[in-house]
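In what follows, a structure is listed as structure tokens, so that the remarks can point back to it.
Numbering (the numbering used here), first residue to last: 726 to 873.
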């Protein structure tokens, strides 16, 4: 499951913005990677006041950072589409300028990740992995998928 961590400096996201961003990030990840939306989780954090520096200087502008840990195995083209799509939704949901939006993707090997109690499959093997889960877990995940 990709884990996307959103951090803000010098502003707060409303609950409505967080909900919209979580939905948009999940759908964007699914659109460009083909993975089910139930694989995406989004965590929001806020930088404490006076705790963000660039070049040794305190940052006073509004900035948003999205760090995504995703399964490795995707092409450079897919990752570029994903990163640009993520930037677009951050701008849309915050009204920040492009230069105040930061997006990072980190590839993790799926066999070094456990989610829902199971080692993750390689990209493209999600259906086989899903079918190996317990019936109750499959039902829970299908429910999450329907809440787009």
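From the three backbone atoms N, C-alpha and C, an ideal C-beta is built for every residue, glycine too.
Rounded to the nearest whole angstrom, the CA to CA distance from residue 868 to residue 782 is 46 Å. Sequence-distant Cβ neighbours of residue 761 in its own chain, meaning closer than 6 Å and more than five residues away, are 870.
Residue range 801–819 is occupied by the alpha helix (DSSP H) that includes residue 803. Within its own chain, the residues whose Cβ lies closer than 8 Å to the Cβ of residue 749, once the five positions on either side in sequence are excluded, are 814, 817 and 818, listed in chain order. Annotated three-state conformation of residue 753 is helix, per DSSP. Using a Cβ-Cβ distance cut-off of 8 Å, the stretch 835–854 and the stretch 735–749 are not in contact, since fewer than three pairs of beta carbons, one from each stretch, lie closer than that value. In the structure shown, residue 728 falls within a strand segment according to DSSP collapsed to helix, strand and coil. Here residue 859 is exposed. Its C-beta has fewer than 16 other C-beta atoms within 10 Å.
In this structure, the alpha-carbon of residue 771 lies about 30 Å from that of residue 801.
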